Amino acid sequence: MRSVIPPIILLKKKFKLIRLFRRNKLSYVALAFLLSVLINGVLFYFAEGILGGREGLTLWRSLYWAVITMATVGYGDVIPQTLWGTVVTIETVIVGIAIFTMLVSVLAEGFMNASLKKSMGLGKLKKVDVLVIGNEESCIEAIHELQINLPYSNIAWLLPQPPRQPPQDIDFVAGDPTDEGVLRRASAHKAGKIIVCMKDDSKAVHTVLMIRKINKEAEIITLAKTDKARELLKEAGSTRVVSARMLGRVLASSIFEPSVTDFINEVTTARGVADLVEYLAGEDEHGITVEEAERRLRDKVGVKSLRIVALVRNGEMIIAPPTHETISSGDKLVIVKAKDK
Numbered sequence: 630m631r632s633v634i635p636p637i638i639l640l641k642k643k644f645k646l647i648r649l650f651r652r653n654k655l656s657y658v659a660l661a662f663l664l665s666v667l668i669n670g671v672l673f674y675f676a677e678g679i680l681g682g683r684e685g686l687t688l689w690r691s692l693y694w695a696v697i698t699m700a701t702v703g704y705g706d707v708i709p710q711t712l713w714g715t716v717v718t719i720e721t722v723i724v725g726i727a728i729f730t731m732l733v734s735v736l737a738e739g740f741m742n743a744s745l746k747k748s749m750g751l752g753k754l755k756k757v758d759v760l761v762i763g764n765e766e767s768c769i770e771a772i773h774e775l776q777i778n779l780p781y782s783n784i785a786w787l788l789p790q791p792p793r794q795p796p797q798d799i800d801f802v803a804g805d806p807t808d809e810g811v812l813r814r815a816s817a818h819k820a821g822k823i824i825v826c827m828k829d830d831s832k833a834v835h836t837v838l839m840i841r842k843i844n845k846e847a848e849i850i851t852l853a854k855t856d857k858a859r860e861l862l863k864e865a866g867s868t869r870v871v872s873a874r875m876l877g878r879v880l881a882s883s884i885f886e887p888s889v890t891d892f893i894n895e896v897t898t899a900r901g902v903a904d905l906v907e908y909l910a911g912e913d914e915h916g917i918t919v920e921e922a923e924r925r926l927r928d929k930v931g932v933k934s935l936r937i938v939a940l941v942r943n944g945e946m947i948i949a950p951p952t953h954e955t956i957s958s959g960d961k962l963v964i965v966k967a968k969d970k
């Protein structure tokens with residue numbers, strides 16, 4: 630029984646080393662290269678410098694020769710002059726070719742694995758400014774709008790399965806958004822703003838709770854299908870909840886006031902002929918009227934047609950503020966601007 634245990638332990642250690650090698654192939658290839666340089670450099674110095682009595686050949690120069698020979702560069706400034714030096718040279722060239730072949734193979738495998746992981750959404754995102762979570766059609770529309778309005782932000786997408794045609798310049802992660810590990814791969818714990826647009830309200834609630842567990846500061850905007858879900862999402866930690874029932878209002882408007890629907894479609898996308906934007910009033914706008922602010926904003930934004938349609942002050946919204954209304958620093962101005970043709 631005692632004679633059986635040591636071989637089993639040796640086998641376990643052997644398999645452990647194999648697993649370790651698979652994880653750190655590049656490190657082991659680099660170690661093999663360094664050891665080969667050291668051994669062959671010493672052998673060449675011993676064969677040429679000590680046994681051959683070659684003058685001017687130092688150990689450092691022999692190590693230099695080993696690197697050049699293993700890299701198959703062969704400058705010719707240091708060449709063997711003895712039989713044993715030639716034997717060491719032949720062995721060094723063969724070992725060098727083998728090691729460099731392994732190095733190229735390991736590097737190519739690493740690049741292929743990284744590319745495959747990225748294409749399947751199995752990679753890990755490093756820096757994300759805005760993260761979109763979900764597989765609703767509204768998620769794709771949100772991503773397109775974010776790309777237009779936030780061109781310098783890092784936008785990412787987390788969804789259950791890899792998309793058939795992912796949007797251009799968008800990194801994505803595939804996996805269960807209610808899983809903490811998947812959220813961390815998508816860098817949800819570092820993202821400043823997160824949009825949750827899922828088909829299942831219960832999953833959306835679970836996802837928001839998990840996000841709040843790993844990210845206390847993020848601004849979370851969530852899509853809710855029902856009023857009950859809206860309340861739960863607020864309790865779970867959503868900063869803002871957008872109700873899907875709003876689409877029903879738009880549908881109804883298209884029956885008795887279709888022009889209103891057309892207007893909403895135009896101003897809610899940066900791709901339309903007009904755009905609805907928010908502007909934060911600063912010290913330059915403090916104390917001036919709405920009329921004067923509109924004039925200044927036309928020059929600042931560079932458009933001819935611009936109107937302030939709403940003003941938000943201390944959480945209260947003033948719809949269609951009168952032209953003589955005075956603006957204070959910190960007011961949020963809702964502006965509709967028409968694009969110049």
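Residue numbers (the working numbering): 630 to 970. Think of the CB as a built atom: it goes at the ideal place given N, C-alpha and C, for glycine as much as any other residue. The structure displayed is predicted, hence computed values, not measured ones.
- In the DSSP assignment, residue 699 falls within the unbroken alpha helix (DSSP H) covering 688-699.
- Counted as a single uninterrupted DSSP element, the alpha helix (DSSP H) harbouring residue 929 occupies residues 919-930.
- Note: residue 906 is bridge-paired with 964 in the DSSP secondary-structure output.
- In this structure, residue 938 sits near residue 949, with a CB-CB distance shorter than 8 Å.
- The count of Cβ pairs closer than 8 Å, one atom from the region 689-699 and one from the region 713-725, reaches three, so the stretches are in contact.
- When C-beta atoms of the region 821-829 are compared with those of the region 845-857, three or more pairs fall below 8 Å, so the two segments count as touching.
- Per DSSP, reduced to three states, the secondary structure at residue 867 is coil, with no helix or strand assignment.
- Restricting attention to 797, 943, 831, 707, the CA atom closest to the CA of residue 807 is found in 831.
- Note that the region 762-769 touches the region 781-792; at least 3 beta-carbon pairs, one per stretch, sit closer than 8 Å.
- Between residue 753 and residue 759, the alpha-carbon positions lie close to 15 Å from each other.
- Pairing residue 932 with residue 899 gives a Cβ-Cβ distance that is not under 8 Å.
- In the structure shown, residue 956 adopts coil according to DSSP, grouped into three states.
- Assignment of beta-bridge partners to residue 945 by DSSP yields 942.
- In the three-state reduction of the DSSP assignment, residue 716 falls in the helix class, which pools H, G and I.
- If you draw a straight line from the Cα of residue 728 to the Cα of residue 656, it is about 12 Å long.
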